[in-house]
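The listed protein sequences correspond, in order, to chains A and B. Using full-length UniProt numbering, the first residue of the first sequence is number 1, and each one after it goes up by one. Using full-length UniProt numbering, the first residue of the second sequence is number 1, and each one after it goes up by one. Ideal placement from N, C-alpha and C gives every residue a C-beta, glycine not left out.
Protein chains: 2
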Amino acid sequence: MRIGELARRTGVSERSLRYYEQQGLLVAERTPGGQREYPEQAVDRVIRIQELFAAGLHSKKIAQLLPCMRDADGGPSAVATPRLVTDLVAERARIDRMITDLVNSRDVLDEVINAASQARG
Amino acid sequence: MRIGELARRTGVSERSLRYYEQQGLLVAERTPGGQREYPEQAVDRVIRIQELFAAGLHSKKIAQLLPCMRDADGGPSAVATPRLVTDLVAERARIDRMITDLVNSRDVLDEVINAASQARG
DNA sequence: CTTGAACCTGACATCGATGTTAGATCCTAC
DNA sequence: GTAGGATCTAACATCGATGTCAGGTTCAAG
């Protein structure tokens, strides 16, 4: 598929898809005319990239991480280097803290929301 | 307490604390000489502000939200306006999605980490 | 062909919280 | 009073993903 369809199916802008390629996160074949041609796999991959960005990883670390997982299910393919594993463990801890914070904030919002809806019936 | 101590106790930089004040998130008394003097409550408040920032809320929305909660436990004090409640419900949904994404990414990292540690014994 | 939509590259803009620096003032201890 | 650490204001810098725009090329359908 070409870039427009991939953008539509993933909800990620064409700009971002080109950026991902530039960062080495996403590879594309080229048509004779120079246009990008993506395999079906790319959809899952892009979604995974987005999730990792949302988890606060930077493109450089994602680039290291991606070779260690299959596109389809995110399971491991290559084996991570010890150095990378150290990084990933740290990221994992950071994500854990982030989740804790988010749950806290969500609870706070819930209290305010509930208080308001109760006060008004 | 003064700004240095508050910074130390919350882990938030002095720069950020001044920024919070400028954004209307944090109020401080002033000494005759013009230095900020914070009440004990400020510690909890700053931590809560940080959590909300981490949850992706912008300072403007946090500023609207804060009057609706007590410093200590985050429970509601003032009642949110209907407009604000609408916003908060949307934020809550966004946070939910964010949590889902984070859990996904954490699982992905776990798989890669575990695969690496198994491959090496 | 030709036309219009889709795509290309490259450059510049943006956003928001935070870092950093400079120069001045305050506060505390001696 | 004075030295030095803490604080003040104000301005500018940063970071990274993404938006946007311009000018040119490709592709598919008539």
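Between residue i and the rest of its own chain, which residues show a CB-CB distance below 6 Å, the 5 nearest in sequence each way excluded?
| i | result |
| --- | --- |
| residue 152 of chain B | Residue numbering for chain B in the displayed model covers 1 to 121; residue 152 of chain B lies beyond these limits and cannot be assessed. |
| methionine 1 of chain B | Tyr38 |
| glutamate 14 of chain B | Ile3, Ala7 |
| proline 67 of chain B | Ala78 |
| leucine 26 of chain B | Tyr20 |
Below 8 Å on the Cβ atoms is my guess for residue i versus residue j; work out the distance and round it to an integer in Å.
| i | j | result |
| --- | --- | --- |
| arginine 45 of chain A | aspartate 73 of chain A | Not a contact, Cβ separation roughly 12 Å. |
| glutamate 111 of chain A | proline 76 of chain B | 6 Å |
| glutamine 50 of chain A | valine 12 of chain A | 6 Å |
| isoleucine 95 of chain B | arginine 92 of chain A | About 20 Å separates the two Cβ atoms, so there is no contact after all. |
| serine 105 of chain B | leucine 52 of chain A | 5 Å |
| isoleucine 62 of chain B | isoleucine 99 of chain A | Actually they are not in contact, since the Cβ atoms of isoleucine 62 of chain B and isoleucine 99 of chain A sit about 20 Å apart, beyond 8 Å. |
What residue from the options has the CA that sits closest to residue i's CA?
| i | options | result |
| --- | --- | --- |
| lysine 60 of chain B | B:Gln22, B:Glu5, B:Pro32, B:Arg92 | B:Gln22 |
| threonine 31 of chain B | B:Ile3, B:Arg48, B:Glu14, B:Gly56 | B:Ile3 |
| serine 117 of chain B | A:Thr86, A:Asp101, A:Arg97 | A:Thr86 |
| leucine 102 of chain A | B:Leu17, B:Ala80, B:Gly56 | B:Gly56 |
| glycine 24 of chain A | A:Gly33, A:Ala54, A:Gln35, A:His58 | A:His58 |
| alanine 119 of chain B | A:Arg15, A:Ala80, A:Ala115, A:Arg18 | A:Ala80 |
| residue 132 of chain B | B:Gly121, B:Leu17, B:Gln35 | Limits of chain B in this structure are 1 at one end and 121 at the other, which puts residue 132 of chain B out of reach. |
| aspartate 107 of chain A | B:Val89, B:Leu26, B:Gly121, B:Gly33 | B:Val89 |
| arginine 97 of chain A | B:Ala54, B:Arg97, B:Ala115 | B:Ala54 |
Tell me which same chain residues have a C-beta within less than 8 Å of the C-beta of residue i, skipping the five on either side of it?
| i | result |
| --- | --- |
| valine 43 of chain A | Leu6, Arg9, Thr10 |
| glutamine 35 of chain A | Arg2, Ile3 |
Heavy atom of the ligand GTP less than 6 Å from the Cβ of residue i, yes or no?
| i | result |
| --- | --- |
| glutamate 51 of chain A | Among the components of this structure there are no ligands whatsoever, and the ligand GTP is therefore not found. |
Ordered along the chain, which non-local residues of its own chain (more than five positions away) have a Cβ less than 7 Å from that of residue i?
| i | result |
| --- | --- |
| glutamate 29 of chain A | Glu37 |
*Contact set between the region 49-76 of chain B and chain A, restricted to residues whose Cβ is under 7 Å from the partner*: Correct list: Glu51, Leu52, Ala54, Ala55, Leu65, Cys68, Met69, Gly74, Gly75, Pro76.
*Listed in chain order, which residues of the region 74-95 of chain B have Cβ atoms closer than 7 Å to some Cβ of chain A?*
Gly74, Gly75, Pro76, Val79, Ala80, Val85, Leu88, Val89, Glu91, Arg92, Ile95
*Entirely within the UniProt domain "HTH merR-type" (1-68) of chain B and at least 3 residues each: give me those beta strand (DSSP E) ranges in chain order.*
none
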